[in-house]
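Working notes for the structure below.
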Amino acid sequence: MNTDSLEVFPCFRQKKEDSVGHEFWTRDGLIFFDNRGPGHDGTITSRRTQAVVKETEDTGISPYVGLAEKTGKVRTTTPLMHYCNHYHCGKDARLLVGDQVDDIVRIDLTGSCPNVITLCRHKTSWYGQKTHCHPTISWEDDAVLYASDVQGRVHLYLTGWPD
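Numbered per the UniProt record's numbering, the sequence shown spans residues 1 to 163.
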């Protein structure tokens, strides 16, 4: 958005083969997003599968996460086959927390290939939006806050964030 004219404009224009979402601001002012490719809406269902809007032919497009500037210029993309429903980062946008089907994971994008390690099991049901984990990293980069209904009701949980 242009703050002087209040004109809004897309900072990322999706093409037919894109399914972009789960965007957020990084602490250094970039835009994080994921692109799951055609047919995906980016949701894990209560059947513990990826929601697919429609079956599509194999286009050869690999899912990825990316960082873009406010203008929409994509700075980096990293192929990431490990679907998470949501992602978040702390001080370093190359270290992500994500919620896989049953686990909260740390994803290190600093190497040539993403390194995924399990931090804990969340075992949420994925039954409705309120049961999604939505993990976030603390401002101090030492803990992860997430939600789960593993005990029947949605509660908030904390787990550590390794150095």
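Every residue gets a Cβ at the ideal spot worked out from N, C-alpha and C, and that includes glycine.
Check                                                                                                  : Outcome
Touch test, the segment 90 to 105 against the segment 132 to 149, Cβ-Cβ under 8 Å, three pairs minimum : yes
DSSP three-state assignment for Thr159, whether helix, strand or coil                                  : strand
Distance, Arg27 Cα to Ala93 Cα                                                                         : 8 Å
Helix, strand or coil at Thr131 according to DSSP, with G and I counted as helix                       : helix
Residue from Ser148, Leu30, Trp161, Asn35 whose Cα sits closest to the Cα of Tyr83                     : Asn35
Simplified DSSP assignment, three categories, for Val8                                                 : coil
Pairwise C-alpha distance: Glu17 and Val144                                                            : 33 Å
Simplified DSSP state of Tyr87, which is helix, strand or coil                                         : strand
Cβ pair Leu158, Pro114 closer than 8 Å                                                                 : no
Own chain, CB closer than 8 Å to Thr78, minus 5 neighbours either side, in chain order                 : Tyr64, Val65, Gly66, Leu109, Pro114
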